[in-house]
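Visitor:
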Amino acid sequence: MTRYSAFAVAREAFRDHQGWTRAWASPEPKRKYDVIIIGAGGHGLATAYYLGKNHGIRNVAILEKGWLGGGNTGRNTTIIRSNYLQDPSAAIYEKARSLYEDLSQDLNYNVMFSPRGVMMLAQTEHEVRGYKRTAYANALQGVKTEFISPARVKEFCPIIEIRGPRYPVLGALWQARGGTARHDAVAWGYARKCSEMGMDVIQKCEVTGIRSDGGVVKGVTTNRGDIDCDKLGIVVAGHSGHVADMAGFRLPIESVALQALVSEPIKPCMDVVVMANTVHGYMSQSDKGEMVIGGGADGYNNYTQRGSFHHIEETVRALNETFPIISRLKMLRMWGGIVDMTGDRSPIISPTPLGNCFINCGWGTGGFKAIPGSGWATAEMIAKGASGPLAAEFGLDRFREGRFIDESVAAGVAH
Amino acid sequence: MLILDCPYCGIACDETELSPGGEAHLTRFGPGSSEDEFEGYLFMRENPRGVHFERWRHAHGCGKWFHAARDTMTMEVFGTYPAQTTEPPAELRKTISEKRPGWSWRDFS
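Going down the list, the protein sequences come from chains A and B.
Under UniProt numbering, the residue at position 91 of the first sequence is numbered 91, and the numbers go up by one with no gaps.
Under UniProt numbering, the residue at position 60 of the second sequence is numbered 60, and the numbers go up by one with no gaps.
1) Answer with yes or no whether the minimum CB distance from B:Pro-48 to chain A is below 9 Å.
2) What beta strand (DSSP E) runs, 3 residues minimum, are completely inside the segment 77-101 of chain B?
3) Could you give the C-beta distance for A:Thr-47 and A:Ile-37, rounded to a whole number, given that I count them as a contact under 8 Å?
4) Would you report the Cα separation of A:Lys-65 and A:Arg-163, rounded to the nearest angstrom?
5) For A:Ile-160, count the other beta carbons within 10 Å of its own beta carbon; 16 or more makes it buried, fewer makes it exposed. Which is it?
6) Is B:Gly-22 close to chain A? Criterion is C-beta to C-beta, closer than 9 Å.
7) If we cut at 9 Å on Cβ distances, does A:Phe-156 have a partner in chain B?
8) Name, going along the chain, the residues of the segment 380-401 of chain A whose beta-carbon falls closer than 9 Å to a beta-carbon of chain B.
9) Examine chain B for any beta-carbon lying closer than 9 Å to the beta-carbon of A:Pro-258, and answer yes or no.
10) For chain B, is any of its Cβ atoms less than 9 Å away from the one on residue 453 of chain A?
11) Could you check if A:His-183 is buried or exposed, using at least 16 other CB atoms within 10 Å of its CB as the buried criterion?
12) Closer than 7 Å between beta carbons: that is the criterion. Which residues of the segment 307-337 of chain A meet it against chain B?
13) On the criterion of 16 or more Cβ atoms from any shown chain inside 10 Å, does A:Gly-189 qualify as buried, or is it exposed?
14) Could you check whether the segment 345-361 of chain A touches the segment 268-278 of chain A, counting it as contact only if at least three pairs of C-beta atoms, one from each stretch, sit closer than 8 Å?
15) Cβ of residue 420 of chain A within 9 Å of Cβ of A:Cys-361?
16) Take A:Lys-53 as the anchor and find which of A:Pro-372, A:Arg-398, A:Arg-400, A:Asp-397 has the nearest alpha-carbon.
17) Should A:Ala-414 be labelled buried (16 or more other beta-carbon atoms within 10 Å of its own) or exposed?
18) Are the beta-carbon atoms belonging to A:Arg-92 and A:Phe-404 less than 9 Å from one another?
19) Hey, which unbroken runs of the alpha helix (DSSP H) at 4 residues or more fall wholly within the UniProt domain "Rhodanese" (35-79) of chain A?
20) Taking the C-alpha atoms as reference points, what is the distance between A:Gly-130 and B:Phe-38?
21) Under 9 Å between C-beta atoms, does A:Ser-255 make it to chain B?
22) Taking the alpha carbon of A:Trp-67 as the point to measure from, which residue in A:Pro-324, A:Glu-313, A:Cys-205 has its own alpha carbon closest?
23) Can you give me, in chain order, the residues of the segment 273-305 of chain A that have a beta carbon less than 9 Å from any beta carbon in chain B?
24) State the Cα-Cα distance for the pair A:Asp-106 and A:Leu-51, rounded to the nearest angstrom.
25) Could you tell me which chain A residues have their CB closer than 9 Å to the CB of B:Leu-4, listed as they occur along the chain?
26) Mapping the DSSP letters down to three states, classify B:Met-1 as helix, strand or coil.
27) Are the C-beta of B:Phe-29 and some C-beta of chain A separated by less than 9 Å?
28) Indicate whether A:Ile-253 and B:Arg-70 have their beta-carbon atoms separated by less than 9 Å.
29) Quick one: residues in its chain with C-beta nearer than 8 Å to the C-beta of B:His-60, no 5 flanking neighbours on either side, listed in chain order?
30) So, does the CB of B:Asp-107 fall closer than 9 Å to a CB anywhere in chain A?
31) So A:Gly-179 and A:Ser-114 are in contact, right, with Cβ under 8 Å, and what is the actual spacing, rounded?
32) State the Cα-Cα distance for the pair A:Ala-176 and A:Val-273, rounded to the nearest angstrom.
33) Hey, is B:His-52's beta-carbon within less than 9 Å of any beta-carbon in chain A?
34) Report the residues of the segment 69-89 of chain B with a CB closer than 9 Å to any CB of chain A, ordered along the chain.
35) Mind pulling the chain A residues with CB within less than 9 Å of B:Leu-42?
36) Assuming A:Ser-194 is part of the alpha helix (DSSP H), what are its boundary residues?
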């Protein structure tokens with residue numbers, strides 16, 4: 001596989017770019033693998049990558065029913081932050097954020113990580129108190145955040161109307177090393193490295209059944225034949241309930257559509273990410289100039305990757321007051337992704353009732369930012385057969401035991 | 001936009017007029033139940049791809065709760081029925097069987 005570098009670009013420039021090779025191979029599935037990962041989105045590919053890199057397990061297949069990163073990895077608003085309230089969340093999201101810092105070097109693939117700063121606006125007194133509490137918690141967790149004044153909000157992002165009228169900006173939780181990355185590139189970069197390590201990334205391969213013997217997983221049935229494995233990782237986000245059903249266990253998950261949209265491209269006007277959770281909207285500007293806007297999730301089960309138009313309307317209507325500059329912009333396109341919501345809005349990284357079968361799901365509305373940390377923790381769990389320190393608190397048994405990692409209420413994240 | 005008929009008012013309601021109320025026909029377990037039962041009641045959900053039964057409230061209308069049968073893949077609505085029941089009516093199940101032969105949801109089919 002060609003190594004990407006400035007030298008390679010120069011060399012190819014002299015030979016009409018004939019020397020570039022495919023970024024990853026498209027092999028036929030083998031009869032058996034040590035580990036099969038179902039789902040070649042960011043989390044599945046990162047799991048496979050860290051299985052190879054950290055644990056030396058390279059006889060791995062990653063099966064994808066569609067195309068690489070065609071699910072939620074390609075449907076999010078690319079925000080990366082780790083300013084969570086609860087210790088287990090802060091640990092795994094900060095691990096992910098810190099891995100993003102040098103992911104481009106690690107993968108030899110430019111994921112365009114841009115630590116431009118993430119600002120979560122406090123637009124009610126409750127949010128002010130909540131975010132101050134989060135800032136103090138982050139200080140104890142070793143996550144660098146601070147609570148900033150409305151004047152500094154205006155300084156960082158001049159296009160914000162901080163005086164209201166309905167939603168005055170009273171301050172913000174600021175994470176200077178949060179930001180964005182190119183979402184497709186994250187999936188592509190991991191896939192390329194997995195392929196380079198000898199793993200099989202197999203697209204258009206839909207798992208239709210999971211075979212087991214005596215309560216231990218034996219392999220999967222797919223539209224391209226049966227494939228055996230010693231260990232199985234299920235990393236399929238919105239479709240987790242469907243695949244868990246094949247494996248014979250239930251999940252505390254409901255799948256709903258979450259939407260986002262982009263405006264027509266305009267000149268650079270905003271170089272930070274702003275989240276406004278009171279009004280359920282968040283916005284950043286892409287490198288192409290589009291304003292990238294995330295909205296609310298539907299309140300009912302849905303697998304259609306569309307979502308209801310009135311959520312878009314509500315989001316944009318509210319954001320208009322905080323960002324008057326966007327009121328005349330045209331919407332360029334909108335889309336939806338199927339997100340897997342758990343009862344406490346925290347993910348599940350866990351062994352399952354089926355032996356040697358592991359699951360990573362429940363990232364809900366905030367999975368993209370977690371990809372490297374999630375893959376790191378899931379790979380460790382699959383390699384060792386039990387959850388490591390990063391994943392320990394995210395077990396399936398927490399729902400039975402009442403050990404919730406309650407982020408939906410506590411952190412005021414956009415859901 | 002999702003449109004459901006309120007079985008009380010007899011009118012077609014846009015979803016902006018309604019509040020979603022989650023999965024239908026859950027058996028409530030409280031103090032004295034086993035851990036499995038309590039966990040199942042609070043957190044475990046069918047989350048099907050296909051036929052689904054759910055609770056809705058005509059929040060900006062008569063205010064009453066009702067049930068709806070819907071396909072989560074196509075958004076097709078099979079019908080709605082009042083809340084005072086623990087299972088989908090036989091007639092509605094027959095309608096669904098005509099449109100989705102072989103469907104099942106929990107113990108219903």
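Ideal Cβ placement from N, Cα and C applies to all residues, glycine included.
Quick caveat, the model's predicted, so the values are computed rather than measured.
Guide: On the basis of the supplied data:
1) Sequence index remark: in the second sequence, residue 48 of chain B carries index 48 (1-based). Yes, B:Pro-48 lies at the interface with chain A (some Cβ there is under 9 Å from its Cβ).
2) 77-82
3) On the first sequence, position 47 is the one that residue 47 of chain A refers to. On the first sequence, position 37 is the one that residue 37 of chain A refers to. About 6 Å; that satisfies the 8 Å criterion.
4) If you number the first sequence from 1, residue 65 of chain A lands on position 65. If you number the first sequence from 1, residue 163 of chain A lands on position 163. Computed Cα separation, rounded: 49 Å.
5) In the first sequence, the residue the question calls residue 160 of chain A occupies position 160. With 16 or more other Cβ atoms within 10 Å, it is buried.
6) Numbered from its first residue, the second sequence carries residue 22 of chain B at position 22. Chain A, which has a Cβ nearer than 9 Å to the Cβ of B:Gly-22, makes this yes.
7) Stepping through the first sequence from its first residue, residue 156 of chain A is reached at position 156. Taking Cβ atoms only, chain B never reaches closer than 9 Å to A:Phe-156, which makes this a no.
8) Phe-399, Arg-400, Glu-401
9) Counted from its first residue, the first sequence places residue 258 of chain A at position 258. Note that residue 258 of chain A is Leu in the sequence shown, not Pro. Not closer than 9 Å to any Cβ of chain B, the Cβ of A:Leu-258 fails to qualify, so no.
10) Outside the displayed range of chain A (1 to 415) lies residue 453 of chain A, so it cannot be described from this structure.
11) Start at 1 with the first residue of the first sequence, and residue 183 of chain A comes out as number 183. Looking at its Cβ environment, which holds 16 or more other Cβ atoms inside 10 Å, A:His-183 is buried.
12) Ser-308, Phe-309, His-310
13) Residue mapping note: residue 189 of chain A aligns to position 189 of the first sequence, counting from 1. Buried, since its Cβ has 16 or more Cβ neighbours within 10 Å.
14) no
15) Because residue 420 of chain A is not part of the residues shown, which for chain A are 1 to 415, the question remains open.
16) Walking along the first sequence from the start, residue 53 of chain A turns up at place 53. Closest by alpha carbon: A:Pro-372.
17) The residue given as residue 414 of chain A occupies position 414 in the first sequence. Caution is warranted here: a pLDDT of 44 is assigned to A:Ala-414, below 50, making its placement in the model unreliable, and the coordinate value is therefore given only provisionally. Buried: at least 16 other Cβ atoms inside 10 Å.
18) Here residue 92 of chain A refers to the residue found at position 92 of the first sequence. Here residue 404 of chain A refers to the residue found at position 404 of the first sequence. Here residue 92 of chain A turns out to be Ile, not Arg, going by the sequence shown. Not closer than 9 Å, so no.
19) 42-55
20) Within the first sequence, the letter at position 130 stands for residue 130 of chain A. Within the second sequence, the letter at position 38 stands for residue 38 of chain B. If I take the Cα positions, the gap works out to 31 Å.
21) Residue mapping note: residue 255 of chain A aligns to position 255 of the first sequence, counting from 1. Output row for A:Ser-255: interface = yes.
22) Translated into positions along the first sequence, residue 67 of chain A becomes position 67. Closest by alpha carbon: A:Cys-205.
23) Asp-298, Gly-299, Tyr-300, Asn-301, Asn-302, Tyr-303, Thr-304
24) Mapped onto the first sequence, residue 106 of chain A falls at position 106. Mapped onto the first sequence, residue 51 of chain A falls at position 51. In a straight line, the C-alpha of A:Asp-106 is about 15 Å away from that of A:Leu-51.
25) In the second sequence, residue 4 of chain B corresponds to position 4, counting from 1. The contacting residues do not exist; B:Leu-4 stays about 10 Å from chain A at best.
26) Here the question's residue 1 of chain B lines up with position 1 in the second sequence. Correct three-state label for B:Met-1: coil.
27) Here residue 29 of chain B corresponds to residue number 29 of the second sequence, with the count starting at 1. No, its Cβ sits nowhere closer than 9 Å to a Cβ of chain A.
28) Indexing the first sequence from 1 puts residue 253 of chain A at position 253. Indexing the second sequence from 1 puts residue 70 of chain B at position 70. Not in contact: A:Ile-253 and B:Arg-70 (Cβ atoms no closer than 9 Å).
29) For this step, residue 60 of chain B is matched to residue 60 along the second sequence. Once the five neighbours on either side are set aside, the close Cβ partners of B:His-60 are Thr-16, Glu-17, Leu-18.
30) Locating residue 107 of chain B in the second sequence gives position 107, counting from the first residue. Taking Cβ atoms only, chain A never reaches closer than 9 Å to B:Asp-107, which makes this a no.
31) Indexing the first sequence from 1 puts residue 179 of chain A at position 179. Indexing the first sequence from 1 puts residue 114 of chain A at position 114. Yes, A:Gly-179 and A:Ser-114 are in contact; Cβ-Cβ is about 5 Å, under 8 Å.
32) The residue given as residue 176 of chain A occupies position 176 in the first sequence. The residue given as residue 273 of chain A occupies position 273 in the first sequence. The alpha-carbon atoms of A:Ala-176 and A:Val-273 are separated by roughly 10 Å.
33) Walking along the second sequence from the start, residue 52 of chain B turns up at place 52. Yes, B:His-52 counts as interfacial toward chain A.
34) Arg-70, Thr-72, Met-73, Thr-74, Met-75
35) Residue numbering aside, residue 42 of chain B sits at position 42 when the second sequence is read from its first letter. Under the 9 Å cutoff, chain A gives Pro-252, Gly-343, Phe-399.
36) Mapped onto the first sequence, residue 194 of chain A falls at position 194. The amino acid occupying residue 194 of chain A in the given sequence is Cys; Ser does not appear at that position. A:Cys-194 -> alpha helix (DSSP H) spans 183-196.
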